[in-house]
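K.L.:
Number of protein chains: 2
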Amino acid sequence: MRIILVGFGVVCQSFARLLLLREVELVKNYGFHPRVVAIVDHGGAIINSKGLDLKKVLSLKAEKGTVAVSPEHGRLGMSPLDVIGSVEAEAVVEATPTNIKDGEPGLSHIKAAFRSGKHVVTTNKGPLALAMPALTELADYNKVCLRFSGTVGAGTPILSLAKKCLLGDRIVSIRGILNGTTNYILTEMDEKRISFQQALENAQKLGCAEADPSMDIDGFDAACKLVIMANWIMNKKVTLKNVSIQGIRNVTVRALEEAAKKHCTIKLIGSIQDGLKVAPTEISRHDPLFVGGVLNAVTFVSEFAGEETIIGRGAGGMETASAILRDLLDIKQSLATRLMA
Amino acid sequence: MRIILVGFGVVCQSFARLLLLREVELVKNYGFHPRVVAIVDHGGAIINSKGLDLKKVLSLKAEKGTVAVSPEHGRLGMSPLDVIGSVEAEAVVEATPTNIKDGEPGLSHIKAAFRSGKHVVTTNKGPLALAMPALTELADYNKVCLRFSGTVGAGTPILSLAKKCLLGDRIVSIRGILNGTTNYILTEMDEKRISFQQALENAQKLGCAEADPSMDIDGFDAACKLVIMANWIMNKKVTLKNVSIQGIRNVTVRALEEAAKKHCTIKLIGSIQDGLKVAPTEISRHDPLFVGGVLNAVTFVSEFAGEETIIGRGAGGMETASAILRDLLDIKQSLATRLMA
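Protein sequences, first through last, are from chains A and B.
Note that numbering that gives the first Met the number 0 has the first sequence beginning at 0, numbered continuously upward.
Note that numbering that gives the first Met the number 0 has the second sequence beginning at 0, numbered continuously upward.
1. Considering only the beta carbon of each residue, do D215/A and T181/A sit closer than 8 Å?
2. By Cβ distance, which residues of its chain are closer than 7 Å to A221/B, with the 5 residues on each side in sequence left out?
3. Which of the three DSSP states is assigned to G73/B in this structure?
4. Below 8 Å on C-beta distance, what does E318/B contact in chain A?
5. Quick one: residues in its chain with C-beta nearer than 8 Å to the C-beta of L199/B, no 5 flanking neighbours on either side, listed in chain order?
6. Compare the C-alpha of E281/B against each of K163/B, Y29/B, T186/B and name the closest.
7. Under 8 Å, with one C-beta from each stretch per pair, do the stretch 20 to 32 of chain A and the stretch 319 to 335 of chain A reach the 3-pair mark?
8. Counting along the chain, where does the beta strand (DSSP E) carrying F299/B start and finish?
9. Find the nearest neighbour of G313/B within the set V300/B, T122/B, T251/B, judged by alpha-carbon distance.
10. Note down the Cα distance separating L205/A from V237/B, rounded to an integer number of angstroms.
11. Determine, using beta carbons only, whether V66/B and P287/A come nearer to each other than 8 Å.
12. Does the separation of the CB atoms of I157/A and I271/A fall below 8 Å?
13. Would you kindly work out how many angstroms separate the C-alpha atoms of R169/A and G152/A, rounded to a whole number?
14. Considering only their Cβ atoms, is the gap separating G105/B from N141/B smaller than 8 Å?
15. Can you tell me which of the three DSSP states I265/B falls into?
16. Can you tell me the Cβ-Cβ gap for G175/B and A296/B, rounded? I've got them flagged as a contact below 8 Å.
17. In the DSSP assignment, the alpha helix (DSSP H) including S107/B goes from what residue to what residue?
18. What three-state label does DSSP hand A340/A in the structure shown?
19. Does any residue of chain A have a CB that is nearer than 8 Å to the CB of V143/B?
20. On a CA-only basis, which of T135/A, I2/A, D40/A, C11/A is nearest G315/A? Give me that one, please.
21. Quick check: the Cα distance between P79/B and A112/A, rounded to an integer number of angstroms?
22. CA-CA distance, G167/B and H72/A?
23. Could you confirm whether any beta carbon from chain B is found closer than 8 Å to the beta carbon of Y263/A?
24. Please determine, among A88/B, S13/B, I46/B, the residue with the shortest C-alpha to C-alpha distance to I2/B.
25. Please name the residue or residues paired with I45/B in a DSSP beta bridge.
26. Tell me which same chain residues have a C-beta within less than 7 Å of the C-beta of S69/B, skipping the five on either side of it?
27. Count Cβ pairs between the stretch 132 to 141 of chain B and the stretch 129 to 146 of chain A that sit closer than 8 Å; are there 3 or more?
28. Taking Cβ-Cβ distances shorter than 7 Å, what residues in chain A pair up with C164/B?
29. Answer yes or no: do M188/A and V92/A have a C-beta to C-beta separation smaller than 8 Å?
30. Below 9 Å on C-beta distance, what does T121/B contact in chain A?
31. Just to check my reading of the structure: T95/B and G6/B have Cβ atoms closer than 8 Å, yes? What is that Cβ distance to the nearest angstrom?
32. Going residue by residue through the stretch 134 to 196 of chain A, where are the continuous alpha helix (DSSP H) segments of at least 4 residues, counting only ones entirely within it?
33. Let me know the secondary structure DSSP gives R312/B once reduced to three states.
34. By DSSP, does A90/B sit in helix, in strand, or in coil?
35. DSSP three-state call for G282/A: helix, strand or coil?
36. Thinking A120/B and I323/B are a contact (beta carbons under 8 Å), I'd like their distance in whole angstroms, please.
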């Protein structure tokens, strides 16, 4: 499989490392021969239709900050759209940063990939949160696959648990902690009885909250993930504007103390039942969703198999890279099954 | 797909109900046409090569206690081995009770099914715990599938999470609470500070421990599940005799109090790392495995995707029936993929 990487930050660099580490096993266990034929970053692109030497590319990136300066294969200033449109490949890995205003530049990258008949694996929540129903339709129209495991739970296979492991069942509702930063802040507030502001500053010092923390603490990140789950798992045709969103800025130590009296705590819970909602919610200490720190946790309520909760770290470069690899293997398998149908 | 049900207790009756409930969707969503052509219980068999009327069969069972008395299709006294050998079908669902002394009668049923070219879905831990490496070899030799999702976690897709959702990754260790009864007893002891004996009696009154509770409280049930996970997920060729097993009879309130001082509790943990082990183990209250009541919980440590924990009820007729259905759908899909390979 020939692959184009669009965006070459922590996640795609981890992915390149993962391919180097697991090359032999991927061929042996899955008959999977990945070949990265192009990488685009802010400086331009590096292209080799025979497959790039990933070890060299990683060194180049570390030394020079961009892959486009490669004397042999570099293309200074070449744009992602040009690369996607002109380089022959079966799949595009789209890993540019999330933007929930207009989904760009990811949205255009994904559409361009579909139009040129390429499958897409993305870790970018923006395009999905804003246009998932349209994007899945466009993928179907172009007879290609769109996969995005890494957008929800990073390495924790939250989407696949629901989609693959409950075959023949029906998921009737979902609720969960979908954002590690807010979970960290609320856990700190609950355990140390410190204010939201103080806990946020601690999180920022530790690097588990951004300088501009709005995406996390105002609930947008959780809402994006909720949209993705609603579309993918429950076949709802929704976008970000269908989610009722309330963040954690107004959660007080007082409210946490009141909750504690009832053997509860407060978590930022995303839920899909009648509608889609993100809001601070009281959770019993006996609920499997009662997990602290930066963990994510999601409970699926299924009609016959009961309630299943999955818990894991919702972030990390290598974890997200492992999700990209799963998606590519999944596309390979889907194609085999599709040929049979 | 023509199916023979061997054993017609709570689980297979729930399975029959599930097929009735989901008939239309199974055809529509999965192209799956299940047809139960024979059912065997303690009284004999009921056989109809065109497919049994499951509604009628369920009423008959409820009224008469055995399906073999059916005036049209009943075969009083016909043995499971005769049915498996003589009735044409693609799959056998083996759901007789677990026996860890010699695995019978399940072991013979499974072997007979393989020899006559039938796939097997089983909920019976005995044959797997005693002979899983041999059984998987025999299945391969006969070019049929063996599936057993319901043996670990009932409806909670513990085995599939590991096998299907972590494609391209490698699970390096597993630890978990694999038995709901012991979890209930230890939770009661911890929360109410009552003795093991008292908690066991409570559990028996509530019907969540057997009159002879040895399988659960002496750790054998958890050990069986550990053997199944080690073989299926980690490719270890092991049986019950490779597990070091210690139950919970000697766990004292004193020990639980000591653990509580360290913000821990004691759970019966099954683990696969260097070896296979079931033993009462201290678990931090911050560990995702810290779940109470009858819940099961398993943590998979994977090389790249991080640690994932799955939590769910590990018992229930309909839950286990949903696992049987998943396995049959999985067999259908595997066959499609195999034809492609």
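Quick reminder that beta carbons are idealized off the backbone N, C-alpha and C, glycines included.
P.N.:
Taking the geometry as given:
1. Taking 8 Å as the Cβ cut-off, D215/A and T181/A qualify as a contacting pair.
2. Cβ neighbours of A221/B within its own chain (closer than 7 Å, five residues either side excluded): L177, N178, L267, G269, V277.
3. Reduced to three states, the DSSP call for G73/B is strand.
4. Neighbours of E318/B on chain A, chain order: F303, A304, G305.
5. Cβ within range, chain order: I184, A208, P212, I216.
6. Nearest option by C-alpha distance: T186/B.
7. Cβ pair count under 8 Å is three or more, so yes.
8. Counting along the chain, the unbroken beta strand (DSSP E) around F299/B starts and ends at 294 to 301.
9. It is T122/B whose Cα lies nearest to the Cα of G313/B.
10. Each residue's Cα considered, the two are about 44 Å apart.
11. With contacts defined as CB atoms closer than 8 Å, V66/B and P287/A fail to qualify as a contacting pair.
12. Not closer than 8 Å, so no.
13. Counting only the Cα atoms, G152/A lies some 21 Å from R169/A.
14. Taking 8 Å as the cut-off, the beta carbon of N141/B is found no closer than this to the beta carbon of G105/B.
15. Shown here, I265/B sits in a strand according to DSSP, grouped into three states.
16. Rounded, the Cβ-Cβ distance is 6 Å, consistent with contact.
17. That run of the alpha helix (DSSP H) goes 105 to 114.
18. Model confidence at A340/A stands at a pLDDT of 47, short of 50, so the residue's coordinates are unreliable and nothing is read from them.
19. Cβ-Cβ to chain A under 8 Å: no for V143/B.
20. Ranking the options by Cα distance to G315/A, first place goes to C11/A.
21. Rounded to the nearest angstrom, the two C-alpha atoms are 56 Å apart.
22. Between G167/B and H72/A, the alpha-carbon positions lie close to 29 Å from each other.
23. Tyr is not the amino acid found at residue 263/A; the sequence shown has Cys there. Chain B contact via Cβ: absent.
24. Here the closest residue by C-alpha is A88/B.
25. Per DSSP, I38/B, G73/B.
26. Taken in chain order, the residues that qualify are I45, L59.
27. Taking 8 Å as the limit for Cβ pairs, the verdict is that the stretch 129 to 146 of chain A does not touch the stretch 132 to 141 of chain B.
28. The contacting residues are P156, S159, L160, K163, C164.
29. Going by C-beta atoms, M188/A is not nearer than 8 Å to V92/A.
30. Taking a Cβ-Cβ cut-off of 9 Å, T121/B has no neighbours in chain A, whose nearest Cβ is about 17 Å from it.
31. Their Cβ separation, rounded to whole angstroms, is 4 Å, which keeps T95/B and G6/B in contact under 8 Å.
32. The DSSP assignment places complete alpha helix (DSSP H) segments of no fewer than 4 residues inside the stretch 134 to 196 of chain A at 157 to 163, 179 to 191, in order along the chain.
33. Strand at R312/B.
34. Looking at A90/B - three-state DSSP - the assignment turns out to be strand.
35. Position check: residue 282/A holds Ile in this sequence, whereas Gly was assumed. Looking at I282/A - three-state DSSP - the assignment turns out to be strand.
36. Reading the sequence as shown, one finds Val at residue 120/B and not Ala. Contact holds; Cβ gap of about 5 Å.
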